[in-house]
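J.:
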Amino acid sequence: MGSNDSQENGNLLSRRELFGATSLAAAGLAAGSLIAAPLAEAIPQSGKKHEPLLPFKYDIEKTEGWVGEAGSAKEANVDEFPISQSIAGVSMRLKPGGLRELHWHAIAAEWAFIISGNVRATVISPNGQAEQSDFGPGDVWYFPQGHGHAIQCLGPEVAHFILVFDNGHFSEFGTFSITDWVAHTAAGVVSRNLGLPPAVVATLPKSELYITPGKIPPPIPEELRGGDPDSNQFPHKFRLGAHKPLQFSGGTERVVSSVEFPIQKTLTGALMDLKPGALREMHWHPNADEWQYYISGRARVGIFGAHGRVLTEEFEPGQIAFIQQGFGHYIEQLGNEPTRILILFNSGVYQEISISSFLASNPPGIIADNFKLTRDEVAKLPKSYQGILG
Ligand SMILES: [Fe+2]
Ligand SMILES: [Fe+2]
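Heads up, the sequence shown is in this note's numbering, so the first residue is 13 and it goes up one at a time.
1. In the structure shown, what three-state DSSP assignment does A311 receive?
2. Could you check if L216 is buried or exposed, using at least 16 other CB atoms within 10 Å of its CB as the buried criterion?
3. Measure the beta-carbon distance from F182 to A120 and round it to whole angstroms, keeping in mind my assumption that it falls under 8 Å.
4. Let me check you understand the geometry: is the CB of T278 closer than 7 Å to at least one non-hydrogen atom of ligand 1?
5. Going by the CB atoms, is the gap between I163 and G148 shorter than 8 Å?
6. Three Cβ pairs or more, each shorter than 8 Å: is that satisfied between the segment 337-357 and the segment 279-299?
7. Less than 7 Å between C-beta atoms, sequence neighbours within five positions excluded: which residues of the same chain meet that for G262?
8. In whole angstroms, what is the alpha-carbon distance linking G330 and Y306?
9. Using the Cα positions of I136 and I367, report the straight-line distance between them to the nearest angstrom.
10. Cα separation between I378 and A372?
11. Give the range of the beta strand (DSSP E) segment to which I275 is assigned.
12. Measure from the alpha carbon of T403 to the alpha carbon of each residue in I223, H159, Q259, A118, then state which is nearest.
13. Which word fits Q304, buried or exposed, when buried means at least 16 other C-beta atoms lie within 10 angstroms of its C-beta?
14. Output the residue ranges of the beta strand (DSSP E) runs that lie fully inside the segment 60-129 and measure 3 residues or longer, sorted by chain position.
15. For T191, which of helix, strand or coil comes out of DSSP?
16. Would you report the Cα separation of A38 and E364, rounded to the nearest angstrom?
17. In terms of alpha-carbon separation, which member of E328, F383, A380 lies closest to D71?
18. Under the assumption that Q337 contacts D301 (Cβ atoms under 8 Å), give the Cβ distance between them as a whole number of angstroms.
19. Return the chain-ordered list of same chain residues with a C-beta closer than 7 Å to the C-beta of F155, the five sequence neighbours on each side being excluded.
20. Looking only at its chain, what residues have a beta carbon closer than 8 Å to the beta carbon of P350, apart from the 5 residues adjacent to it on each side?
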């Protein structure tokens, strides 16, 4: 095998050199410059400092956001929360009859979870199939990037829902709204396209309405204007709150990935309920960033970003956490009230590796050597996935 192998090995980076490469990448150097760099520069110097971890907590509900007559919206994207590169969140409230007008999103898919109240949403798919569905607490929708949609509150209470977009650079305040388009298009074009006399076109909204007052819709939905199309074979609605949860001694978790909800290709959602005193065990996600919104109760989250870097933060309702792909983390429930967390991952495929599973997937001898433990001590370590410890 000899000469070929040694030649190839000569072209491979050693483990030590790879660590150097990783830290250079973390410092923001482009891959191209990394490859071109002389080898000596890729080797870390002793005592080299690594950048501290970025803040991973944001208090979205403490912000003022957009407030109108019929509702409000608060957002967290990279402008407000720089670490949140892959996911943007919005907390929206609609008053009874309040309408989030017809619109679409050019650069992101939209996922939503209803915390309280009821809304009716319409959505059109590029294949022409239209769908009209009612959503209550615990329900989820997913509108793929570009699908046109509208949302109206059914009353009698204010509807509060969390919107999650699969792009941290997305802004809810820069969406493609139908009034914005029509208001800025030549009146003659609008008149001809919509079949409205110029005098009526002149009365249309002069700028984007975004969220506007409306009448509470009837309990039984009206037919769609174009008539009901063939029933939609690819529904945009999933009842996450009613989904059978995974049970653990410390709580439950309901997970919706593209397996359970095929249209939801770019995100996975989860609803985690922690009993008082529970510990969501140490784990990481190989394929996705994690975004959390605290619905009720409190918790402490610890993250690990290699090179000895850790951060812990405490969370209460209305706050967001963002944990980067591959970063180790855990959640300690705090306080006497149960804690409910809405969790999103920026992949339609759910992946996780827990510390228990990792340890269980090794022979006792390796674990004993790794931790300097006796065999008896190793025998006491967990032998399988624990999820949420009670
Ligand atoms: Fe939207
Ligand atoms: Fe996680």
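We put the CB at the ideal spot given by N, CA and C, even for glycine.
T.: Concretely, from the data shown:
1. strand
2. Classification of L216: exposed, given that the 10 Å Cβ count is below 16.
3. 4 Å
4. no
5. Result no, Cβ atoms of G148 and I163 do not sit closer than 8 Å.
6. The segment 337-357 vs the segment 279-299: in contact.
7. L286, K287, A290, L291, I400, L401, G402
8. Across the structure, G330 and Y306 are spaced so that their CA atoms are roughly 6 Å apart.
9. 43 Å
10. 11 Å
11. Note, I275: premise wrong, no beta strand (DSSP E); not H, not E.
12. Shown here, the chain extends from 13 to 402; a query on residue 403 therefore has no answer.
13. Label assigned to Q304: buried.
14. 78-80, 83-88, 100-106, 111-116, 122-128
15. T191 falls in the helix class under three-state DSSP.
16. Because the pLDDT at A38 is just 34, under 50, the model does not fix this residue reliably, and the value given afterwards should be weighed accordingly. Using only the alpha carbons, I get a separation of about 23 Å.
17. E328
18. 5 Å
19. A121, E122, V135, H161, H248
20. G263, D285, L286, K287, P288, S308, G309
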